[in-house]
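Numbering (our numbering), first residue to last: 1063 to 1575.
Even for Gly, the Cβ is constructed at its ideal location relative to N, Cα and C.
If you're wondering where the values come from, they're calculated on a predicted model, not measured in any experiment.
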Ligand code: KIV
Ligand code: ZN
């Protein structure tokens, strides 16, 4: 057993399964680069067989990432596994992660298979995957609710077939820390060849215990891989949060006695990138990455921290990447300085025309906002309107009038596939009027599930507003994000970005469906 704890990030796979969090190939690639800078050991880039889009994203990440192992999920069948292997062909280090459900409930109701059939399919899947890739992970889905005798039988067989990592998912977030830790310890004790594989934990947060369960799996169960996501992103209540598990193991090294290879100063940039890309806002009191995580408001605490920092702080803000917002660029900055800053932030523009469009946006912003921060730049390139060729719906201009006692009115000029439309409407407020003006032409029939505004950089009313809009239509849920110093404009941009996503045909096979 090694003393290193392997950090397996599944933001781009399990995290992305969260309704509304689906990402484009470019967005996934940008996050993968940040995960590499964070030095995660394994990046689960997606589920190659689920859609052509996901196949292309896994392939692009496999072709680009050099320092982390790149992994694709695959159901336990030859087609999925071959597709994963194909997408991973260009990777320096590749992993195929294959899974099949083993709990009585899932086998009977979902798979409609007998335990013997599941046993056989798991074995054959791992055998096939091992022929294509030396690094194979096997997950018994809903493993924690599986019967232990059956689970032991399956896991022993897949280790015999060459599985190098055995992952025990608590798929529905049902576990309790001690019990989950003991479950893994029992499996490791009872399975004769258990020492031939690395044991891994994968916990969902339905009862708010994903991090505690994962840590118990490590401490009590002896697992040496944790599967987690940035900001705990994931279906329902999410997955185990990478930043929390990593900082727990680092801060309490006295207790865990384990090494993690993570560059913790990249945690906050990763958190911001994921939040800005998906529109899933981080709550202010969230551990490690919440805006208040290191803010001391009470006089007694402030006084203590000023006298001796460790009176109230167990981690240093700068160690997890909180630095004072850096003013990086301004109105006079040139194209080269802008390009260099993008590189430093790990943002790669795919073409000169994309760089030029982003630079034009930057100049436009710098004319309206004196100080441009890293967060502004990330929001600016995350704003899909810098790549208008990919944007079906794009904002041209917006005019609105609102006055106390009057009903606000908006006129919005926007394009659909390059053709210009003008919409006008009244509304309860200027945002409502602007959205209604767009809808007067589009008539999308979409239901608005969420509208939220956040200041991109804190502490000033000059900050850009970042708006997230979540729409639902025809069984699909999408998020659109827009940023602008004017929140009405940011709202219109976010609405048009959401419409673009809604009308792009991304079909997916659900991993756990
Ligand atoms: O939660 C789960 O069971 C999963 C598996 C596919 C590993 O995400
Ligand atoms: Zn999961």
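So is the beta-carbon of residue i under 7 Å away from any non-hydrogen atom of the ligand ZN?
i: residue 1301; result: yes
i: residue 1266; result: yes
i: residue 1470; result: no
i: residue 1197; result: no
i: residue 1202; result: no
i: residue 1231; result: yes
i: residue 1076; result: yes
Which residues in the same chain have their Cβ closer than 7 Å to the Cβ of residue i, if we skip the five residues on either side of it in sequence?
i: residue 1476; result: 1455, 1456, 1457, 1458, 1483, 1500 and 1558
i: residue 1546; result: 1526, 1527, 1552 and 1555
i: residue 1109; result: 1075, 1116, 1134, 1135 and 1573
i: residue 1417; result: 1401 and 1411
i: residue 1337; result: 1293, 1343 and 1344
i: residue 1331; result: 1096 and 1383
i: residue 1205; result: 1164, 1213, 1230 and 1231
i: residue 1403; result: 1390, 1391 and 1439
i: residue 1409; result: 1092 and 1443
i: residue 1278; result: 1239, 1240, 1242 and 1243
i: residue 1447; result: Confidence at residue 1447 is low in this model, with a pLDDT of 46, below 50, so its placement is unreliable and no value can be given for it.
Determine the DSSP secondary structure at residue i, reduced to helix, strand or coil.
i: residue 1400; result: helix
i: residue 1361; result: helix
i: residue 1544; result: strand
i: residue 1515; result: strand
i: residue 1068; result: strand
i: residue 1248; result: helix
i: residue 1530; result: strand
i: residue 1451; result: The predicted model places residue 1451 with a pLDDT of 42, which falls under 50 and marks its position as unreliable, so this point remains unresolved.
i: residue 1135; result: strand
i: residue 1508; result: coil
i: residue 1160; result: strand
i: residue 1488; result: strand
i: residue 1174; result: coil
i: residue 1105; result: strand
i: residue 1214; result: helix
i: residue 1200; result: strand
i: residue 1551; result: helix
i: residue 1407; result: coil
i: residue 1223; result: coil
i: residue 1416; result: helix
i: residue 1266; result: strand
i: residue 1565; result: coil
i: residue 1391; result: strand
i: residue 1429; result: helix
i: residue 1373; result: helix
To which residues of the same chain is residue i closer than 6 Å at the C-beta, ignoring the five residues directly before and after it?
i: residue 1562; result: 1453, 1454 and 1455
i: residue 1194; result: 1147
i: residue 1192; result: 1198 and 1224
i: residue 1090; result: 1074 and 1119
i: residue 1486; result: 1473 and 1499
i: residue 1121; result: 1149
i: residue 1201; result: 1161, 1229 and 1231
i: residue 1127; result: 1094 and 1098
i: residue 1534; result: 1509 and 1511
Who are residue i's beta bridge partners in DSSP?
i: residue 1261; result: 1228
i: residue 1436; result: Beta-bridge pairing links residue 1436 to no other residue.
i: residue 1482; result: 1477
i: residue 1459; result: 1475
i: residue 1303; result: 1291
i: residue 1095; result: Partner(s): none; residue 1095 has no beta bridge.
i: residue 1538; result: 1535
The ligand KIV and residue i: does the residue's C-beta get closer than 7 Å to at least one heavy atom of that ligand?
i: residue 1436; result: no
i: residue 1255; result: no
i: residue 1391; result: no
i: residue 1135; result: yes
i: residue 1365; result: no
i: residue 1070; result: no
i: residue 1245; result: no
i: residue 1424; result: no
i: residue 1356; result: no
i: residue 1161; result: yes
What do you reckon, is the C-beta of residue i under 7 Å from a heavy atom of the ligand GDP?
i: residue 1116; result: With respect to the ligand GDP, the structure offers nothing, as its ligand set consists of the ligand KIV and the ligand ZN.
By Cβ distance below 8 Å, which residues in the same chain neighbour residue i in space, the five residues on each side in sequence not counted?
i: residue 1062; result: Here the chain covers residues 1063 to 1575 and nothing more, so residue 1062 does not appear.
i: residue 1284; result: 1063, 1246, 1247, 1250 and 1261
i: residue 1381; result: 1326 and 1327
i: residue 1575; result: The pLDDT assigned to residue 1575 is 37, lower than 50, so where the model puts this residue is not dependable, and the model offers no usable value.
Within the region 1300-1339, ranges of the alpha helix (DSSP H) (whole runs, at least 4 residues): Runs of the alpha helix (DSSP H) inside the region 1300-1339: 1304-1313 and 1315-1318.
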